[in-house]
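Asks: Dropping a structure here in structure tokens format, bear with me for questions.
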DNA sequence: GCAGTTACGTACACTACCGTACAGACAGCC
DNA sequence: GGCTGTCTGTACGGTAGTGTACGTAACTGC
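Protein chains in written order, with our numbering: chain Z, 300 to 534; chain H, 300 to 534.
Okay, structure coming up:
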């Protein structure tokens, strides 16, 4: 999310710590490979491990009713999965789906809670991150309510590009439809439109961002709002 | 939210504390009258006071873009306003609008933070409440995305009835339209439909719940989901 | 008692999205 | 080459919602 150049393979929350705390913490982390489309947790599950993505991306998806799911957040190198633990609740509030394969730093719950008590800076950092996530969920809520599919798709692509740290990544229309809570056909139309405007190109799930600035124009203002909030609170 | 009878004029979060903590805290609270339609805070404002409603109701409304606002949460005697402070962030994430006039216990931020440090039970209670609110926001997000206006209206009326602790309260179609993020006319149609089914009656803003069970059937399952979560975490 | 304001009802053309169905295009595999 | 599964494009009727406009009823105040 930062505009500063990012070293691939680091997690911002961990990197922002004082070097003492950071070294101690990293020593206890296990670098883990997250596999595309894996479901790490389902809403209601007890949380046994937390994840700090470095090159991977995790989607937070909330089940609404028997027919519907909706993505409410995206976690990449700028964030973490396992926030309920900060609130002393050991229950996942959302489904956690691996949306982009890659690496993540992994800690067991007990070790994580231990480290949390040891480092005030760490705790502070994560509390602020939780605040940002709360705001983002609400923003996403409204975005899903008011904005058209094409704008939401553009926003999603931008957010994913930020976290993928690459201008191309793999994601099919079916997957996007699931995330945005629309029909696959709705994505096909919107994606086609973005492609006709030469903002993106795609072929069998391989999406490439061609014109980032244009995509920002095509997206709703939610993208900028979210980014600004992150900078304000954690920048 | 509890099914047990509720003494009007108490706040659940405060009442749930050990009697020592509770007495200490109540001694520092100032009972305040909240006026209908007052905006206590706007998103981004620094938080100078926190509120624990007893007979009042506060709506959390998130501004989405220049044309749209959306209610993401409802705070009555079961909750509080001022949660960001628990995360050490002194910035309101949402607009706080008085949706039901009445009393609330009020604390200045400094006193609140002080009390928070003094009582582990208080802190624990509020962290759990924050967890519930986070989940509810996501649920509301999806509800707004997938469910029809009539079902959402029914849910809103039920939630408000719980918090108003009365089967009648005052709210106009315009106000409801603002909260649910739809046209006023959309509310008129939905409300009319509920009235024709003899579930509610209304006249110039005075709404009366006639058939609670029927209203629960007419509402989406989100109402039950939310209630169940609250019981599970804070019951 | 009239005027102004507030609350609710109805009507109309329009749009985004839905559910479903079907067909073409491409990739991997035997 | 042909088969199979995956991914994308197109098509069609249906619906819940939009923006706008206008009308009516009820309460409020001078």
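Each residue gets a CB set at the ideal place from its N, CA and C atoms; glycine is no exception.
(1) Should the segment 398-413 of chain Z be regarded as contacting the segment 378-386 of chain Z, the criterion being three or more beta carbon pairs within less than 8 Å?
(2) Which residues in chain H have a C-beta closer than 8 Å to the C-beta of residue 388 of chain Z? List them in chain order.
(3) Using the three-state DSSP reduction, which class does residue 350 of chain H fall into: helix, strand or coil?
(4) With a threshold of 7 Å on Cβ separation, who are the neighbours of residue 393 of chain Z within its own chain once the five nearest residues in sequence on each side are excluded?
(5) Scan the segment 351-383 of chain Z for residues whose Cβ lies nearer than 9 Å to a Cβ of chain H and list them as they occur along the chain.
(6) Quick one: does residue 401 of chain Z have its CB under 8 Å from some CB of chain H?
(7) Residues of chain Z with CB closer than 9 Å to the CB of residue 520 of chain H, please, in chain order.
(8) Give the straight-line distance between the Cα atoms of residue 356 of chain Z and residue 462 of chain Z, rounded to the nearest whole angstrom.
(9) Of all the beta strand (DSSP E) runs that stay within the bounds of the segment 464-503 of chain H, which reach a length of 3 or more residues?
(10) Beta-carbon within less than 6 Å of residue 344 of chain H's beta-carbon, same chain only, minus the 5 sequence neighbours each way: which residues are those?
(11) Strictly by DSSP, which residues pair up with residue 403 of chain H?
(12) Is residue 343 of chain Z near the ligand FAD, going by C-beta to nearest heavy atom under 7 Å?
(13) Along chain H, which residues have their Cβ under 8 Å away from the Cβ of residue 419 of chain Z?
(14) Is residue 335 of chain H near residue 400 of chain H, with beta carbons less than 8 Å apart?
(15) Could you pull the DSSP bridge partners for residue 368 of chain Z from this structure?
(16) Check whether chain H comes within 8 Å of residue 495 of chain Z, counting only Cβ atoms and requiring the distance to be less than that.
(17) Around the C-beta of residue 531 of chain H, are 16 or more other C-beta atoms found within 10 angstroms, so that it is buried, or is it exposed?
(18) Within 8 Å (strictly less), CB to CB, does residue 480 of chain Z reach chain H?
(19) Below 8 Å CB to CB, which residues in the same chain sit around residue 515 of chain Z once its five sequence neighbours on both sides are set aside?
(20) Would you mind sorting residue 322 of chain H into buried or exposed? The rule is 16 or more other CB atoms within 10 Å of its CB.
(21) So, helix, strand or coil for residue 270 of chain Z, using DSSP?
(22) With a threshold of 8 Å between beta-carbons, can residue 445 of chain H be considered close to chain Z, or not?
Replies: Inspection of the coordinates gives the following:
(1) yes
(2) Your numbering for residue 388 of chain Z matches position 89 in the first chain. Per Cβ cutoff of 8 Å: 426, 427, 430, 532.
(3) Stepping through the second chain from its first residue, residue 350 of chain H is reached at position 51. Three-state result, residue 350 of chain H: strand.
(4) The residue labelled residue 393 of chain Z in the question sits at position 94 within the first chain. Only 342, 359, 360, 361, 371 meet the Cβ criterion.
(5) 359, 361, 362, 363, 364, 365, 366, 367, 368, 369, 371, 372, 382, 383
(6) Counting from 1 along the first chain, the entry for residue 401 of chain Z is found at position 102. No, because no Cβ of chain H sits closer than 8 Å to the Cβ of residue 401 of chain Z.
(7) As a first step, residue 520 of chain H is located in the second chain; it is residue number 221 there, counting from the start. Chain Z residues near residue 520 of chain H: 363, 364, 365.
(8) By one-based count along the first chain, residue 356 of chain Z stands at place 57. By one-based count along the first chain, residue 462 of chain Z stands at place 163. The alpha-carbon atoms of residue 356 of chain Z and residue 462 of chain Z are separated by roughly 7 Å.
(9) 467-469, 499-502
(10) In the second chain, counting from the first residue as 1, residue 344 of chain H sits at position 45. Hits under 6 Å: 391.
(11) Reading the second chain from its first residue, position 104 is the one you call residue 403 of chain H. DSSP output for residue 403 of chain H lists H:331, H:352 as bridge partner(s).
(12) No copy of the ligand FAD appears in this structure; indeed no ligand is present at all.
(13) Working through the first chain from its first residue, we reach residue 419 of chain Z at position 120. By Cβ distance, chain H contributes nothing, its closest Cβ being about 10 Å from residue 419 of chain Z, past 8 Å.
(14) Numbered from its first residue, the second chain carries residue 335 of chain H at position 36. Numbered from its first residue, the second chain carries residue 400 of chain H at position 101. For residue 335 of chain H and residue 400 of chain H, yes; Cβs fall inside 8 Å.
(15) Here residue 368 of chain Z refers to the residue found at position 69 when the first chain is read from its first residue. Per DSSP, Z:362.
(16) On the first chain, residue 495 of chain Z is found 196 positions in, with the first residue counted as 1. Chain H contact via Cβ: absent.
(17) As a first step, residue 531 of chain H must be located in the second chain, where it is residue number 232. By the neighbour-count rule (16 or more Cβ atoms within 10 Å), residue 531 of chain H is not buried but exposed.
(18) Residue 480 of chain Z sits at position 181 when you count from the first residue of the first chain. Yes, contact with chain H.
(19) Numbered from its first residue, the first chain carries residue 515 of chain Z at position 216. Closer than 8 Å at Cβ, skipping near neighbours: 453, 457, 522, 523.
(20) Sequence index remark: in the second chain, residue 322 of chain H carries index 23 (1-based). With fewer than 16 Cβ atoms within 10 Å of its Cβ, residue 322 of chain H is classed as exposed.
(21) Nothing can be reported for residue 270 of chain Z: it is not among the residues displayed for chain Z, which extend from 300 to 534.
(22) Along the second chain, one-based indexing puts residue 445 of chain H at 146. Yes, because at least one Cβ of chain Z sits closer than 8 Å to the Cβ of residue 445 of chain H.
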